[in-house]
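Report on one structure; see the data block that follows.
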Amino acid sequence: MPRTPIVQHPPPIDLSLFTLDELDFILRKIKNNRSPGPDSIPSEFWKWTSPTFRDHILALLNNCFMGASSPEEWNEAHIVAILKQQKDPLLPESFRPIALCDAIYKIYAALLQRRLALALDDSLRTSQYGFRSKKSTSQPIFILRQVLDLHERRQGRMHFLFLDWSKAFDSITHENIEIALSRYEIPEPFVKAVTALYRSPTFRVKNGSDLSSLHVQQRGIRQGCPLSPYLFIIVLSCLMHDVEEEFTHRYELLPNPFSASSPLWDLEYADDTVLFSPNPITLQNSYISCSTMPPELAFTSTLKNANTSNSTRILTFTSVTQRKDNANAARVFMVRPSLWAPPSQFLKLLSTWEYISPKKPAPKRI
């Protein structure tokens, strides 16, 4: 990942000691009846402690923050598998790994996340709506519907390409977390406090009352940690910033379906991404810019499968006056993934783009 700064001025992040008001705010937000971490201490224990004991908790958390360190016990998490909605329970990929961390660790991570968000949120991409205060899925959905409505009134056409970042949460390297924070000009003491939590993370897989042996987590973020999702959108914001730089370098101007001064060509909710353009060639170029990011970014993008064949749906919406039938305004084109393969890359798995050396021979066409 490049190391060039993204913001012009460092965000006004608070580097002072955590206050009792901050701790009380986090404790009030903690939900009850949640599975405890390896220490088996429920979150209710920390919420209902006496004021005197809270002073000791605050002193511990401030020592961790100022020393950019954490107790060794916080490194371990128990991983449980949660079945995704409408997925086959017989397939391993149908399960989402959730990390059960110690409640005291989650309190500390939430304190870091809150300070980070208060200072940095205005600098992140405005098209990212995941894991951010006062943002939800309804907002990007509303924007997409407005896009369709606008182009229907203009009797135009709009193309949408839905991307999924393959194993996005599990593939982020811990080094790239540090680089992304540095590119947003986060002060070094705060960066060290954050990266200390990922210095030597370990985990055991939990199935009922059974635990596996201890394993080292070499990459990825913990799904179940209050800080991890926000770190993810910071890294993804860096990625999409670099995509824009790549697109501008190749084609001079950003895609601008509406306004050249405020280009809007993508929307994200966490790792769910949609690219759109009235011009299919521009849309293809946008996707190529996403796909040709350096491999150290640790992301691979996956085109959403339309069915089990070697095809992918590209949705094209046309106005009422342009379509021949009145049944549906959306026309669906079946596009072979090989037609969308970026230069110097080839398709190793069906509809999955991976970063592969251009020296390797391309696979034979089926």
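So the sequence shown is numbered by full-length UniProt numbering: it starts at 1 and just counts up by one.
The beta-carbon is built from N, C-alpha and C at its ideal position, and this holds for glycine as well.
Assignment of beta-bridge partners to VAL216 by DSSP yields THR202. Counting along the chain, VAL274 sits inside the beta strand (DSSP E) bounded by residues 272-277. Excluding residues up to 5 positions away in sequence, LEU27, ILE30, ILE57, ALA103, ILE104, ILE107 lie with their Cβ nearer than 8 Å to the Cβ of TRP46 in the same chain. Taking 7 Å as the cut-off, the beta carbon of TYR184 is found closer than this to the beta carbon of ILE6. For VAL7, there is no enclosing alpha helix (DSSP H), as DSSP marks it with neither H nor E.
DSSP places GLU22 inside the alpha helix (DSSP H), whose first and last residues are 20-29.
Beta-bridge partners of ASN207 (DSSP): ASP210.
ILE177 carries a helical assignment under DSSP once its states are collapsed to helix, strand and coil. HIS78 and GLU44 have their alpha carbons spaced roughly 19 Å apart.
Secondary structure note for ARG96: its beta strand (DSSP E) is the uninterrupted segment 95-100.
In the DSSP assignment, TYR269 is bridged to ASP272. Taking a contact to require three or more Cβ pairs closer than 8 Å, the region 128-148 and the region 191-201 do not qualify as touching. Beta-carbon to beta-carbon, LEU163 and LEU275 are separated by about 7 Å, close enough to satisfy the 8 Å threshold. Annotation: GLU44 is outside any beta strand (DSSP E); the continuous alpha helix (DSSP H) that includes it extends over 43-47. Inside the region 120-167, DSSP marks whole alpha helix (DSSP H) runs of 4 or more residues at positions 138-153, from first to last along the chain.
Membership of ALA81 in the beta strand (DSSP E) is indicated by the continuous run 76-83. ASP55: member of the alpha helix (DSSP H) spanning 51-67, first to last residue. Annotated three-state conformation of THR248 is helix, per DSSP. Secondary structure at CYS290: helix, using DSSP grouped into helix, strand and coil.
In this chain, the alpha helix (DSSP H) harbouring ALA193 covers 188-195.
Taking C-beta atoms under 8 Å as the contact rule, PRO280 and HIS151 fail to qualify, at a distance of about 14 Å.
Inclusion of GLN128 and ILE233 in the CB contact set at 7 Å is warranted, their separation being smaller than that value.
If you draw a 10 Å sphere on the C-beta of HIS249, you find fewer than 16 other C-beta atoms in it, and that means exposed.
Excluding residues up to 5 positions away in sequence, HIS151, GLY156, ARG157, MET158, HIS159, PRO257 lie with their Cβ nearer than 8 Å to the Cβ of PRO278 in the same chain. Rounded to whole angstroms, the separation of the alpha carbons of ASN176 and VAL205 is 25 Å. Residues of the same chain with a CB within less than 7 Å of the CB of ILE221, apart from the 5 flanking positions on each side, are PHE169, ILE172, SER228, LEU231, PHE232 in chain order. In this structure the region 8-23 lies against the region 113-124, because at least three pairs of beta carbons, one per stretch, are closer than 8 Å. Out of LEU253, TYR287, HIS241, the CA that lies nearest to the CA of SER123 is found in HIS241.
Counting only the Cα atoms, SER209 lies some 36 Å from SER136. Nearest to ALA109 by C-alpha distance, out of TYR251, ARG34, LEU181, LEU23, is LEU23. Classified as exposed, GLN86 has fewer than 16 neighbouring CB atoms from the shown chains inside 10 Å of its CB.
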